[in-house]
Amino acid sequence: MVKQDYEQTARFLLDNDDYLVVCHACPDGDTIGSASALVMLLRKKGKNAWAYCPDGIPEKLLSFTGKDIFVSDVKEHKTLISVDVATPAMLGSMQGVLTHFDLSVDHHKVNTIPCERLLIRDDFISNAEIIADLYDQLSVGIDKEAAECLYAGISSDSGGFRYSNTRPQTMRLAARLMETGIDFAAINRMLFDRLTPEALALTKAAYNSVELFYGGKLAVVTLSKEDYEGIGATDADLDEIKGIPRRIGGVEVAAVIRPRGEKAQVSLRSNEYFDVAAFCREMGGGGHVRAAAFRIDGTPEKAKEKLVKALEGKL
Ligand SMILES: [Mn+2]
Numbered sequence: 519m520v521k522q523d524y525e526q527t528a529r530f531l532l533d534n535d536d537y538l539v540v541c542h543a544c545p546d547g548d549t550i551g552s553a554s555a556l557v558m559l560l561r562k563k564g565k566n567a568w569a570y571c572p573d574g575i576p577e578k579l580l581s582f583t584g585k586d587i588f589v590s591d592v593k594e595h596k597t598l599i600s601v602d603v604a605t606p607a608m609l610g611s612m613q614g615v616l617t618h619f620d621l622s623v624d625h626h627k628v629n630t631i632p633c634e635r636l637l638i639r640d641d642f643i644s645n646a647e648i649i650a651d652l653y654d655q656l657s658v659g660i661d662k663e664a665a666e667c668l669y670a671g672i673s674s675d676s677g678g679f680r681y682s683n684t685r686p687q688t689m690r691l692a693a694r695l696m697e698t699g700i701d702f703a704a705i706n707r708m709l710f711d712r713l714t715p716e717a718l719a720l721t722k723a724a725y726n727s728v729e730l731f732y733g734g735k736l737a738v739v740t741l742s743k744e745d746y747e748g749i750g751a752t753d754a755d756l757d758e759i760k761g762i763p764r765r766i767g768g769v770e771v772a773a774v775i776r777p778r779g780e781k782a783q784v785s786l787r788s789n790e791y792f793d794v795a796a797f798c799r800e801m802g803g804g805g806h807v808r809a810a811a812f813r814i815d816g817t818p819e820k821a822k823e824k825l826v827k828a829l830e831g832k833l
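In structure tokens:
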């Protein structure tokens with residue numbers, strides 16, 4: 519794997535063709551927005567390009583994926599690019615199927631995707647900001663359609679421009695995107711202010727399950743298999759509850775634990791000082807300093823016990 523700068527990446531994009539741009543599983547606004555905007559950029563350069571997502575795209579993200587961007591299988595494409603995918607596990611059902619990428623574009627601290635080339639900006643809050651830089655590098659203007667996708671990516675990963683690694687450049691880019699005439703309020707409503715009936719039921723279960731540890735510095739939401747499957751919730755419904763435990767006053771680390779097959783998925787967020795990325799790497803996962811995750815064998819209840827124990831003396 520060779521690290522690339524923008525110039526090298528632009529050269530690579532111009533020199534190849536027949537692209538498939540791959541998102542991560544459990545897609546969010548950043549991976550979907552980045553893939554869509556990159557496909558649009560490649561097509562503006564006369565390339566054949568499509569996007570692929572290992573999971574279904576949630577309804578709330580469909581409105582800004584653009585038309586005719588995503589395909590439903592991974593056949594017949596020469597050049598593979600991943601966007602916003604830090605680890606093979608993040609490929610979900612495509613782990614073990616898509617085993618080598620020509621280019622990986624990412625903003626996570628650590629990227630372990632097997633790839634020929636890596637364009638990584640780990641100081642960026644969203645992958646979408648990297649795609650916007652590629653528009654500039656290739657001298658392609660960002661039209662309204664691409665701006666919707668990029669705005670969705672940035673707003674999604676910055677929690678609506680609220681998280682600590684939102685940069686002045688992030689705001690300047692958002693301003694540029696707004697100037698194309700996008701309905702940014704509608705995008706934010708779709709991302710943050712819409713509840714499905716499943717998400718509402720999940721939210722109730724989440725509030726009921728909140729437990730505090732270590733003098734209130736650790737808050738844990740545990741969704742049992744019965745809760746999760748009984749509600750019929752999907753990962754898209756989870757966004758609503760990820761913010762719940764960290765809003766509690768005095769909480770530094772907030773965990774949401776849910777079943778995932780025979781394992782449990784532990785999603786962690788921190789508020790001020792705790793590096794959840796480093797902690798999750800120790801536990802076999804990864805992510806960002808303020809938002810990271812890992813998987814562990816056993817039920818969510820068992821995972822909670824292990825999590826609480828592993829954090830002993832660390833908060
Ligand atoms: Mn991202």
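Counting with our numbering, you get residues 519 to 833 for the letters of the sequence shown.
Each residue gets a CB set at the ideal place from its N, CA and C atoms; glycine is no exception.
inquiry  = For the structure I just gave you, are there three or more beta carbon pairs, one from the region 713 to 729 and one from the region 785 to 805, closer than 8 Å?
reply    = no
task = Confirm, please, whether the CB-CB distance from Leu668 to Ala693 is below 7 Å.
result = no
query = Can you give the beta carbon distance from Ala773 to Leu825, rounded, assuming they're within the 8 Å contact cut?
reply = 6 Å
query = In whole angstroms, what separates the C-alpha of Met608 from that of Leu786?
reply = 16 Å
Residue from Lys781, Leu829, Arg765 and His595 whose Cα sits closest to the Cα of Val794 = Leu829
request  = Identify whether Thr684 lies in helix, strand or coil by the three-state DSSP scheme.
outcome  = coil
query = Which first and last residues belong to the alpha helix (DSSP H) in which Ile638 is found?
reply = Here Ile638 belongs to no alpha helix (DSSP H); instead the beta strand (DSSP E) covers Cys633 to Ile638.
inquiry  = Let me check one thing: in DSSP terms, what residues is Lys521 bridge-paired to?
reply    = Leu636
task = Note down the Cα distance separating Asp536 from Asp711, rounded to an integer number of angstroms.
result = 37 Å
message = Check this for me: beta carbons of Arg639 and His625, under 7 Å apart or not?
response = yes
key: Secondary structure of Glu594, DSSP reduced to three states   = coil
inquiry  = If you follow the alpha helix (DSSP H) that Tyr725 is in, where does it begin and where does it stop?
reply    = Pro715 to Ser727
request  = Would you kindly work out how many angstroms separate the C-alpha atoms of Glu697 and Ile660, rounded to a whole number?
outcome  = 10 Å
key: Spatial distance of Glu747 from Ser788 (CA atoms)   = 27 Å
inquiry  = Between Asn706 and ligand 1, is there a pair consisting of the residue's CB and a ligand heavy atom that are separated by less than 6 Å?
reply    = no
query = Near Asp546, which residues of its chain fall below 6 Å by C-beta distance, leaving aside the five closest residues on each side in sequence?
reply = Ser674
task = Hey, could you find the ends of the beta strand (DSSP E) Ser788 is sitting in?
result = Lys781 to Ser788
Close-in-space but distant-in-sequence residues of the same chain around Thr684 (CB under 7 Å, 5 per side omitted) = Ile643 and Ser676
task = Report yes if the C-beta of Asn629 is less than 6 Å from at least one heavy atom of ligand 1; otherwise report no.
result = no
query = How should Glu800 be labelled, buried or exposed, when 16 other C-beta atoms within 10 angstroms of its C-beta is the threshold for buried?
reply = exposed
query = Within 10 angstroms of its Cβ, does Ala811 collect 16 or more other Cβ (buried), or is it exposed?
reply = buried
query = In chain order, what residues of the same chain lie with their CB nearer than 8 Å to the CB of Leu713, ignoring the 5 residues before and after it?
reply = Thr721 and Glu758
key: Span separating the alpha-carbon of Cys544 from that of Leu741   = 17 Å
ask   = Between Val601 and Val623, which are expected to be in contact by the criterion C-beta below 8 Å, what is the C-beta distance as a whole number of angstroms?
value = 5 Å
request  = Can you check the region 729 to 804 for any beta strand (DSSP E) of at least 3 residues that lies completely inside it and give the ranges in chain order?
outcome  = 729 to 731, 736 to 740, 771 to 778 and 781 to 788
inquiry  = Taking its Cβ as the centre, do 16 or more other Cβ atoms sit within 10 Å of Lys578, making it buried, or is it exposed?
reply    = buried
message = Judging by CA-CA distance, which residue of Val520, Ile550 and Met612 is the nearest neighbour of Pro576?
response = Ile550
query = Out of Gly564, Tyr653, Asn645 and Ala528, which has the shortest C-alpha to C-alpha gap to Val540?
reply = Asn645
key: Runs of beta strand (DSSP E) wholly within the region 519 to 604 (minimum 3 residues, chain order)   = 537 to 540, 567 to 570 and 597 to 601
inquiry  = Looking only at its chain, what residues have a beta carbon closer than 7 Å to the beta carbon of Lys565, apart from the 5 residues adjacent to it on each side?
reply    = Asp535 and Tyr537
task = Verify whether the separation of the beta carbon atoms of Thr583 and Ser554 is less than 7 Å.
result = yes
task = Please work out which residues of its chain come closer than 6 Å, Cβ to Cβ, to Thr630, disregarding the five sequence neighbours upstream and downstream, and give them in chain order.
result = Thr605
inquiry  = Looking at the strands, I want to know which residues DSSP matches up with Arg694.
reply    = Its beta-bridge partners do not exist; DSSP assigns none.
task = Compute the Euclidean distance between the alpha carbons of Ile814 and Arg764, then round it to the nearest angstrom.
result = 22 Å
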